[in-house]
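Chains as they are written, first to last, in the numbering used here: chain B, 1017 to 1174; chain H, 1017 to 1174.
Cβ atoms here follow ideal geometry from the backbone N, Cα and C, with glycine treated the same way.
All values derive from a computational prediction rather than experimental measurement.
One structure is given below, encoded as structure tokens.
2 protein chains.
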Amino acid sequence: MRIILIYLFRLIHYNSSMVKNSEKILADHNVSITNPRVFVLEVLLENKGPITLDELQSTLKNKVAKSTLYRVLNDLKKINILDEFTSPENQTVVELSLSENDHHHHVFCTNCGEVEDITLSEVFEKQLSDEISNIHKTSKYLIKEHTLELIGLCSSCK
Amino acid sequence: MRIILIYLFRLIHYNSSMVKNSEKILADHNVSITNPRVFVLEVLLENKGPITLDELQSTLKNKVAKSTLYRVLNDLKKINILDEFTSPENQTVVELSLSENDHHHHVFCTNCGEVEDITLSEVFEKQLSDEISNIHKTSKYLIKEHTLELIGLCSSCK
DNA sequence: ACAGTAAATGAGAATAATTCTCATTTATTT
DNA sequence: AAATAAATGAGAATTATTCTCATTTACTGT
């Protein structure tokens, strides 16, 4: 009985701090706090990393209407805390990007389809930003962002 | 009159050499030579660079059925001479990739939506492949390919 | 805390994108 | 040139995404 109570306590505490987090994020971006937005953010926060749209949909199946899920994702994109990209297998993948300095890239596994974050060395990131400065000097483009995606095999499939 | 004849001669010559090209590409990859495949390849060859699916569709509107266009594009992907990617505005973009050594990246203009090819410096490409070797040494991933995409403003929109 | 107002949601219809089906046509082999 | 296998066209079927509108929910000022 005591174990069950401890479990329940932890569960409640965990969830309430989670909700707080989601609510704070929404409030910080001047977006009204609604159940669907909180539910979606909770899943994205718990997941911590890229997640396919399919997975997100099935996780939230009975909590958020399909049309609302699309709307919420667009809301999050609009306030710039959600990245969306397409995997080599043409799956839509989304990922929370809360802090600007949390710069990273993605690895797609061609075998199992998983997507993971990878952080490249500071040396290389410096070399990349140097290359972009060179583009600014020598070409007509003005580069504001970039994405670098690596495609290969993950540890399980290697 | 002579000018018209010269023009016609050039047009016919140009087109016939074009067809030859497309046919050779298909033959080289053990794919049967059919009208839809030749038409699609012609447009991709003439265009020389990334092209949106919409543009491709409207160019071939009365020559190739919609379903066949999708099939042909899948055929070309299967024989590894076509790359497909999604622009930041969620437009599907395809591009012929005939030679392996023609390594380049893309610039997306956030204003007009255009996509162009860009070749990065050899120095940087070397730095990038070094970084990937480091990943092989220090992480569990095996990287086989990568894509680097730059997002910003093109010359006209800058 | 409460009424009034604006915004967000759910359910499903509408639209867009992609794949599938199958009868007919076209290419390849002999 | 005939036989066989593969590819195509047309549109149906499926899937992905956006839209509509009646109802519900969140925010504002008191």
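Sufficient close CB pairs (3 or more, under 8 Å) joining the segment 1101-1111 of chain H to the segment 1067-1084 of chain H: yes
Residue 1091 of chain H (DSSP reduced to helix, strand or coil): One-based indexing of the second sequence puts residue 1091 of chain H at position 75. Correct three-state label for residue 1091 of chain H: helix.
Status (buried if at least 16 other CB within 10 Å, exposed otherwise) for residue 1172 of chain H: Translated into positions along the second sequence, residue 1172 of chain H becomes position 156. Its Cβ having fewer than 16 others within 10 Å, residue 1172 of chain H is exposed.
Residue 1162 of chain H, buried or exposed, once every other Cβ within 10 Å from all chains shown has been counted against 16: Counted from its first residue, the second sequence places residue 1162 of chain H at position 146. Answer is buried; the Cβ neighbour count reaches 16.
CB contact flag (residue 1140 of chain B, residue 1165 of chain H, <8 Å): Here the question's residue 1140 of chain B lines up with position 124 in the first sequence. Here the question's residue 1165 of chain H lines up with position 149 in the second sequence. Their beta carbons are not under 8 Å apart, which means residue 1140 of chain B does not touch residue 1165 of chain H by this criterion.
Members of the segment 1126-1144 of chain B near chain H, C-beta cut-off 9 Å: 1126, 1132, 1134, 1136, 1137, 1139, 1140, 1143 and 1144
Beta-carbon separation (whole angstroms), residue 1168 of chain B vs residue 1160 of chain H, contact threshold 8 Å: Mapped onto the first sequence, residue 1168 of chain B falls at position 152. Mapped onto the second sequence, residue 1160 of chain H falls at position 144. With 8 Å as the limit, residue 1168 of chain B and residue 1160 of chain H qualify as a contact, their Cβ atoms being about 4 Å apart.
Chain B residues whose Cβ lies nearer than 9 Å to that of residue 1098 of chain H: The count along the second sequence starts at 1 and reaches residue 1098 of chain H at position 82. Chain B residues near residue 1098 of chain H: none, gap ~13 Å exceeds 9 Å.
Collapsed DSSP secondary structure at residue 1044 of chain H in the structure displayed: By one-based count along the second sequence, residue 1044 of chain H stands at place 28. Reduced to three states, the DSSP call for residue 1044 of chain H is helix.
Secondary structure, alpha helix (DSSP H): runs of 4+ residues fully inside the segment 1068-1153 of chain B: 1069-1075 and 1082-1094
Contact check, residue 1102 of chain B vs residue 1102 of chain H, beta carbons under 8 Å: As a working note, residue 1102 of chain B is residue 86 in the first sequence. As a working note, residue 1102 of chain H is residue 86 in the second sequence. Yes, Cβ-Cβ distance for residue 1102 of chain B and residue 1102 of chain H is below 8 Å.
Alpha-carbon spacing of residue 1125 of chain H relative to residue 1097 of chain B, whole angstroms: Taking the second sequence and counting its residues from 1, the one referred to as residue 1125 of chain H is at position 109. Taking the first sequence and counting its residues from 1, the one referred to as residue 1097 of chain B is at position 81. Near 21 Å, if we compare the C-alpha coordinates of residue 1097 of chain B and residue 1125 of chain H.
Contact list for residue 1150 of chain B against chain H, beta-carbon separation under 7 Å: Here residue 1150 of chain B corresponds to residue number 134 of the first sequence, with the count starting at 1. Chain H residues near residue 1150 of chain B: 1137.
Of the listed residues B:1128, B:1133 and B:1129, nearest to residue 1122 of chain B (C-alpha basis): By 1-based counting over the first sequence, the position of residue 1122 of chain B is 106. Checked all of B:1128, B:1133 and B:1129; the closest Cα to residue 1122 of chain B is B:1133.
Exposed unless 16 or more other CB atoms sit within 10 angstroms - verdict on residue 1118 of chain H: As a first step, residue 1118 of chain H must be located in the second sequence, where it is residue number 102. Flag for residue 1118 of chain H reads exposed.
Same chain only: Cβ atoms within 8 Å of residue 1157 of chain B, ignoring 5 sequence neighbours per side: The residue given as residue 1157 of chain B occupies position 141 in the first sequence. If we look at residue 1157 of chain B and ignore the five residues flanking it on each side, its Cβ neighbours are 1151.
Status (buried if at least 16 other CB within 10 Å, exposed otherwise) for residue 1022 of chain H: Translated into the one-based positions of the second sequence, residue 1022 of chain H becomes position 6. Unreliable positioning characterises residue 1022 of chain H in this predicted model, as indicated by a pLDDT of 39, which lies under 50. The coordinate reading is nonetheless provided below. Answer is exposed; the Cβ neighbour count stays below 16.
Option nearest residue 1087 of chain B by Cα separation, candidates B:1128, B:1056 and B:1106: Looking up residue 1087 of chain B in the first sequence gives position 71. If we check each option's Cα against that of residue 1087 of chain B, B:1056 comes out closest.
Short Cβ contact (8 Å threshold) for residue 1049 of chain H with residue 1039 of chain H: As a working mapping, residue 1049 of chain H is identified with position 33 in the second sequence. As a working mapping, residue 1039 of chain H is identified with position 23 in the second sequence. Yes, the Cβ-Cβ distance between residue 1049 of chain H and residue 1039 of chain H is below 8 Å.
Per-residue burial, residue 1136 of chain H [other beta carbons within 10 Å of its own, 16 or more giving buried]: Residue numbering aside, residue 1136 of chain H sits at position 120 when the second sequence is read from its first letter. With 16 or more other Cβ atoms within 10 Å, it is buried.
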